[in-house]
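Chains as they are written, first to last, in the numbering used here: chain A, 1 to 313; chain B, 314 to 594.
For every residue, glycine included, the Cβ atom is placed at its ideal position computed from N, Cα and C.
For reference, the structure is listed below as structure tokens.
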Ligand SMILES: Cc1ncc(C[n+]2csc(CCOP(=O)(O)OP(=O)(O)O)c2C)c(N)n1
Ligand SMILES: [Mg+2]
């Protein structure tokens with residue numbers, strides 16, 4: 001955990017270039033956002049295997065399906081809102097149902113998109129993609145993990161959804177990604193925060209703030225949302241008795257909902273879902289927004305402390 | 314309809330210039346936003362808001378008002394500037410664009426007085442315009458509906474679904490304007506998707522097509538006048554423009570699609586050039 005900030009999008013672009021050098025079945029697609037998603041890095045080196053189709057997300061997903069059906073390993077990128085929302089039915093009918101080898105890697109997930117506002121802040125994508133049979137969903141926690149996740153999905157057959165953020169992230173891991181496994185990032189006994197993506201770093205910092213108040217927090221990173229790691233959720237519930245989830249996503253149909261399903265079916269304990277509480281976001285700097293919605297370390301610490309006190313009193 | 318006299322044209326040129334200055338000030342204050350496509354659309358917005366549209370800033374929801382949909386929603390700086398200058402809200406608000414305390418969202422939102430539709434996800438505005446045009450006919454209201462689209466935007470399939478439907482439904486109360494600035498986000502349009510022959514495409518879809526220089530105030534006014542006389546067909550105005558128009562280092566360059574002036578010097582230079590332009594009007 002060196003906490004050095006690095007752009008996950010750049011890590012994605014660099015890894016695509018490496019994969020392109022190693023394998024000639026790798027094909028990359030974009031829909032007029034390649035300078036933002038960083039797929040342009042691949043396009044520069046492999047123009048004959050890069051298809052930037054313009055403002056056509058639906059068409060892109062359909063073409064990706066056709067390429068995959070003919071043996072290509074396809075990475076298709078755009079902002080999360082367009083890749084999953086605009087092109088949902090193409091993803092469902094042409095990629096998930098036929099279980100084709102398309103990796104949807106979307107950048108700009110969540111409210112940390114910032115100034116563009118609610119129209120561009122995707123807070124339902126984890127729900128949309130998790131609801132699709134055959135689709136596996138990963139939210140890398142940092143740029144080191146982005147590199148291993150992109151390599152992993154390229155090596156596995158079938159569709160994946162990988163959600164990246166716009167902002168730089170602190171490196172919390174050395175990239176030892178294990179598909180389908182959560183990871184304890186901080187041991188604690190009083191309560192567990194299960195977080196994903198950008199919220200893991202903030203949850204770790206919140207745990208430090210809570211330590212000063214005498215609350216000993218465990219923090220779990222859940223990079224794989226589907227299939228979810230049931231064992232680690234149940235173990236945390238057993239060990240600490242209290243669970244809070246934190247995500248840059250709607251509290252409906254995201255990480256919180258998945259954790260709630262596991263707990264209620266296996267080991268019911270009190271839990272609290274924290275994130276966007278079924279409201280659209282608004283424009284503002286990404287860090288201002290995180291504090292506005294109590295999703296930065298101070299906000300998380302406050303919400304967690306209130307919940308802890310409410311339950312334990 | 315007012316006659317086109319020189320005084321009116323001069324007034325509209327000054328309005329367009331003022332819109333452009335606001336665009337630069339807004340994206341610089343926000344350190345975020347889209348100057349290129351805002352500057353290319355400034356003349357069109359000036360004519361719409363200070364000549365063509367029947368709207369009432371004191372009563373933004375007036376049922377008889379003409380409707381305007383900024384389908385290329387990222388040109389919000391120019392749009393908000395026009396709305397504020399027309400009196401829908403105080404101009405001071407403009408400098409809070411994209412800040413958390415402001416109602417001026419990065420892309421048009423119904424939070425903003427005078428905005429008729431939420432936009433930002435490209436390719437959807439023409440459909441909303443059809444809905445408004447159909448409702449006008451159903452309710453026997455003679456308002457007109459205007460939709461401003463980007464040329465990259467019309468690569469979206471949804472636009473062409475709407476194009477077919479508008480012609481099928483004979484929506485002569487609907488006007489689409491395409492800001493043909495030849496640049497999208499990543500690159501020049503002709504390096505990404507072949508849009509030409511654009512006029513023929515729209516004609517083939519059943520539309521009346523008028524091609525103009527989108528920076529010529531008189532041509533914009535004339536085209537909008539012409540659009541009233543179509544009799545049973547929707548009209549599309551292909552407005553040939555320059556992306557970044559008015560700021561030399563932004564003109565015709567894809568990089569200023571979505572980033573503000575990069576330094577104090579760039580900011581001052583942009584405002585200075587626009588001030589020089591104003592003196593020449
Ligand atoms: C559906 C959708 N896909 C992608 C984007 C991201 N995006 C914003 S502006 C833009 C380019 C638009 O180009 P154009 O329509 O030509 O606009 P203009 O040149 O007038 O600024 C893109 C790709 C978006 N807003 N909506
Ligand atoms: Mg354009």
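The DSSP-derived three-state label of residue 176 of chain A is coil.
In the three-state reduction of the DSSP assignment, residue 570 of chain B falls in the helix class, which pools H, G and I. Under DSSP, residue 55 of chain A shares a beta bridge with no residue. For chain A, none of the residues of the region 548-562 of chain B brings a beta carbon within less than 9 Å of one of its beta carbons.
Chain B has a Cβ within less than 8 Å of the Cβ of residue 119 of chain A.
DSSP places residue 382 of chain B inside the beta strand (DSSP E), whose first and last residues are 380-383. Separation of residue 169 of chain A and residue 585 of chain B (C-alpha to C-alpha, rounded to the nearest whole angstrom) is 39 Å. Per DSSP, residue 270 of chain A is not a residue of any alpha helix (DSSP H); the beta strand (DSSP E) it occupies stretches across 270-276. Within the same chain, and ignoring the five residues on either side of residue 267 of chain A in sequence, the residues whose Cβ sits closer than 6 Å to its Cβ are 234, 237.
With respect to residue 335 of chain B, residue 407 of chain B sits close: the two C-beta atoms are nearer than 8 Å. Of A/287, A/215, A/91, the smallest CA-CA separation from residue 136 of chain A is found for A/91. Residue-level contact check: residue 166 of chain A does not touch chain B, since none of the beta carbons of chain B fall below 8 Å from its beta carbon. Beta-carbon to beta-carbon, residue 395 of chain B and residue 351 of chain B are separated by about 10 Å, too far to satisfy the 8 Å threshold. Boundaries of the alpha helix (DSSP H) harbouring residue 392 of chain B: 389-398, taken from the DSSP string.
Ranked by Cα distance from residue 548 of chain B, the options B/366, B/519, B/493, B/474 are led by B/519. Looking at the DSSP output, residue 463 of chain B shares a beta bridge with B/492. Fewer than three beta-carbon pairs drawn from the region 275-290 of chain A and the region 142-158 of chain A are found closer than 8 Å, and the two stretches are therefore not classed as touching.
Between ligand 1 and residue 86 of chain A, a heavy atom-to-CB distance of less than 7 Å is present. Note on geometry: alpha-carbon atoms of residue 174 of chain A and residue 197 of chain A lie some 15 Å from one another. With the criterion set as a beta carbon lying under 9 Å from some beta carbon of chain B, the members of the region 61-93 of chain A are 81, 82, 85, 86, in sequence order. Bridge partners of residue 194 of chain A according to DSSP: A/220, A/245. The C-alpha of residue 225 of chain A lies about 8 Å from the C-alpha of residue 126 of chain A. Under DSSP, residue 30 of chain A forms a beta bridge with A/52, A/77. Counting along the chain, the unbroken beta strand (DSSP E) around residue 185 of chain A starts and ends at 183-186. Distance between residue 57 of chain A and residue 521 of chain B, taken at the CA atoms: about 28 Å. Contact annotation: residue 551 of chain B and residue 511 of chain B have beta-carbon atoms nearer than 8 Å. The count of Cβ pairs closer than 8 Å, one atom from the region 37-49 of chain A and one from the region 176-196 of chain A, stays below three, leaving the stretches out of contact. Straight-line spacing of the CA atoms in residue 543 of chain B and residue 524 of chain B works out to 15 Å. The three-state reading of DSSP puts residue 170 of chain A in strand, counting E and B together.
Counting only residues of its own chain and dropping the five nearest sequence neighbours on each side, residue 262 of chain A has a CB closer than 8 Å to the CB of 228, 230, 233, 234. Around the Cβ of residue 5 of chain A, a 10 Å sphere holds fewer than 16 other Cβ atoms; the residue is exposed. For the pair of segments examined, the region 86-105 of chain A was found to touch the region 64-73 of chain A: the number of CB pairs separated by less than 8 Å reaches three. Relative to the non-hydrogen atoms of ligand 2, the Cβ of residue 178 of chain A never comes closer than 7 Å to any of them.
Contact annotation: in the region 272-299 of chain A, residues whose CB is within less than 8 Å of a CB in chain B are 282, 283, 284, 285, 288, 289, 292. By the neighbour-count definition (other C-beta atoms within 10 Å, threshold 16), residue 503 of chain B is an exposed residue.
Secondary structure within the region 3-30 of chain A: the alpha helix (DSSP H) runs of 4 or more consecutive residues, fully enclosed, are 8-22 (chain order).
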